[in-house]
Every structure is written in C-alpha cells, then in structure tokens.
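K.L.:
Going by numbering that gives the first Met the number 0, the first residue of the sequence shown is number 0, and it counts up by one from there.
This is the structure I want to talk about, given as structure tokens.
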Amino acid sequence: MKVIPNTSSTMLTIWTLLLLTGLISLGLARWSLAFVSLTTLSLALVPPLLAARWSLTLPLPFLLFTTLFCFASIFLGEAFDFYERLWWWDLALHGSSAVGFGLMGFLFAFMLFEGDRFAAPPSAIALISFCVAMTVGATWEIFEFTMDAGLGMNMQKSGLSDTMGDLILNAFGGLIASVTGYLYLRQSPAGLLGRGLSQFIEVNSRLYRKYKNRLK
C-alpha cells in the first residue's frame, strides 16, 4: 500500500491509543473495553490492508476519515456511551457514513466505466453512487433488526422511527455524494468532497486512464 506523504500524527495517535487501551484492558480483565478497543483498531486497519492487497494508493484524508469514523462509532459510541450522551451522535455518524459510502461507490463505478470504450455518463455514475449508499444503509438496518430479533438487543431503539430516520439520513448523505460526483464529472466546482475525489483519482490514475486522457 502507498499513502500520500506526511503521515497524520492524529491517525497514528488514535491507533496507538486503541492498542494500548486494548492491552491494558486485557491486563485488568476489562474484557468488554478490550474487545471494543481491539475491534475498533482492527476495523480502522482494514482500508490500508485492502489497499495493500489491491495495490491502491490511499490519500491521507481518506485514511484519517476511516480511522476517526471507527473511533467515533465503536470506541466512543459503545465504550463511552456517546450514543446515549449526545442525541445527535448517531445521526452524524449515519449521515457521514452515507456520504463516505456514496463517494466510494462513485469511485468504484467510475473505475469500471473506464474499462469500457465509451465515456462514463455523469448521471449514471451519480445514480450508482446513490444506490450504493442506500444499499449499505438498508443492509445495516437489516443487521440491526436481526440482532434485536435474534439476540434480544436494542439496536433499533424506537423501532420504526429509528429505522426510517436512519434511512432518510442515508438518502441525504447518498444524495450529497452523488451530486458531488456528478459535478466532478461535469468539471464543475464540487467543494471539499470534489477535491477528495480528484486526489484519489490522481494518485490512482492507472485505474482512470481513459478519463485522464480525455481531459488532456
């Protein structure tokens, strides 16, 4: 795996904190905290490990986002009960994850279209990115329902209202990602998210060769 230079001290600090917390918790027999800490660390390391396997170059902002998201959703959310302490915590994480998955869907779909002999239609790529965000969100809601029904957990909290609220947030997040991708392909200003797409495509230009050639 390759990562853009200037490794983030924030990212490394979080990884180290999670590892130390997990090890200390094991030594103190705090099994729940140890499990949450090491699970969070493992999930945060998934993107760089997959990138190494697929020979991708990951921009630093992407790695930082995934690390912070895992840290906020699992470690802070579960170990320190942020979901109950802050009413907006779950909403913010659902919305940001929808945007993230939508952008990843855009990059993947755009890469597949670059293997064809025709230019990728911006509207089609935008629709695919929206569908990816909604599919991931719906799959997560099915997982929550399965855990509640099968294991007696309370992941859905208020039931239908919680599920529909999450799906609506997924739709808004997916819409933001799809509009960003559409504007990027139309070579219109796409803000900070558009710059993130541009950075990923530039450092992995071999996967988007047709598009880069078309711009020359």
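Ideal placement from N, C-alpha and C gives every residue a C-beta, glycine not left out.
Among residues of its own chain, excluding the 5 on either side of T179, which ones have a beta-carbon nearer than 6 Å to its beta-carbon?
P.N.:
Counting only Cβ-Cβ distances below 6 Å, and skipping sequence neighbours, we find A189, L192, G193.
K.L.:
Where does P120 land, buried or exposed, given buried means 16+ other C-beta within 10 angstroms?
P.N.:
With fewer than 16 Cβ atoms within 10 Å of its Cβ, P120 is classed as exposed.
K.L.:
Considering Cα atoms alone, identify which of G104, R205, L44, G136 is closest to L126.
P.N.:
Among G104, R205, L44, G136, the Cα nearest to that of L126 belongs to G104.
K.L.:
Mapping DSSP to helix, strand and coil, what is G151?
P.N.:
Three-state DSSP puts G151 in coil, outside helix and strand.
K.L.:
In whole angstroms, what separates the C-alpha of S128 from that of M10?
P.N.:
So the two alpha carbons sit approximately 27 Å from each other.
K.L.:
Over the uninterrupted alpha helix (DSSP H) stretch that includes A71, give me the two end residues.
P.N.:
No alpha helix (DSSP H) holds A71; DSSP gives it neither H nor E.
K.L.:
Is it the case that the Cβ atoms of L40 and L18 are separated by a distance below 7 Å?
P.N.:
Contact: yes.
K.L.:
When the Cα atoms are used, what is the spatial distance from T66 to V35?
P.N.:
Taking the straight line joining both Cα atoms gives about 14 Å.
K.L.:
When the Cα atoms are used, what is the spatial distance from G114 to L85?
P.N.:
Below a pLDDT of 50, predicted positions are generally treated as unreliable, and G114, at 45, falls in that range; no measurement from the model is reported.
K.L.:
Starting from R84, trace the alpha helix (DSSP H) in both directions and tell me its first and last residue.
P.N.:
81 to 84 is the extent of the alpha helix (DSSP H) around R84.
K.L.:
Is W30 helix, strand or coil when you go by DSSP?
P.N.:
It is helical.
K.L.:
Between A33 and V98, is the Cβ-Cβ spacing less than 7 Å?
P.N.:
Contact: no.
K.L.:
Judging by CA-CA distance, which residue of S72, E83, F79, F112 is the nearest neighbour of G94?
P.N.:
The shortest Cα separation from G94 among S72, E83, F79, F112 belongs to S72.
K.L.:
Indicate whether F100 and V131 have their beta-carbon atoms separated by less than 7 Å.
P.N.:
Contact: yes.
K.L.:
Give me, in chain order, the residues of the same chain whose beta-carbon lies closer than 7 Å to that of E140; leave out the 5 immediate sequence neighbours on both sides.
P.N.:
Closer than 7 Å at the Cβ level, and outside the excluded window around E140, lie T162, D165, L166.
K.L.:
Expressed to the nearest angstrom, what Euclidean distance is found between the alpha-carbon atoms of Q198 and V135?
P.N.:
The straight-line gap from Cα to Cα measures roughly 24 Å.
K.L.:
Taking the straight line between their C-alpha atoms, what separation do you get for D89 and K156?
P.N.:
Cα to Cα, D89 sits roughly 11 Å from K156.
K.L.:
Which residues in the same chain as A78 place their Cβ atom closer than 6 Å to its Cβ, once the five residues preceding and following it in sequence are excluded?
P.N.:
Answer for A78: L32, V35, listed in chain order.
K.L.:
Report the three-state DSSP secondary structure of W14 (helix, strand or coil).
P.N.:
Three-state DSSP puts W14 in a helix.
K.L.:
What separation, rounded to the nearest whole angstrom, lies between the Cα atoms of F171 and L27?
P.N.:
Using only the alpha carbons, I get a separation of about 43 Å.
K.L.:
Ignoring anything shorter than 3 residues or poking outside the region 85 to 138, list the beta strand (DSSP E) runs there in chain order.
P.N.:
Correct list: empty.
K.L.:
One question on the structure: do Y183 and L168 come within less than 7 Å of each other, judged by their Cβ atoms?
P.N.:
Not a contact, by the Cβ cut-off of 7 Å.
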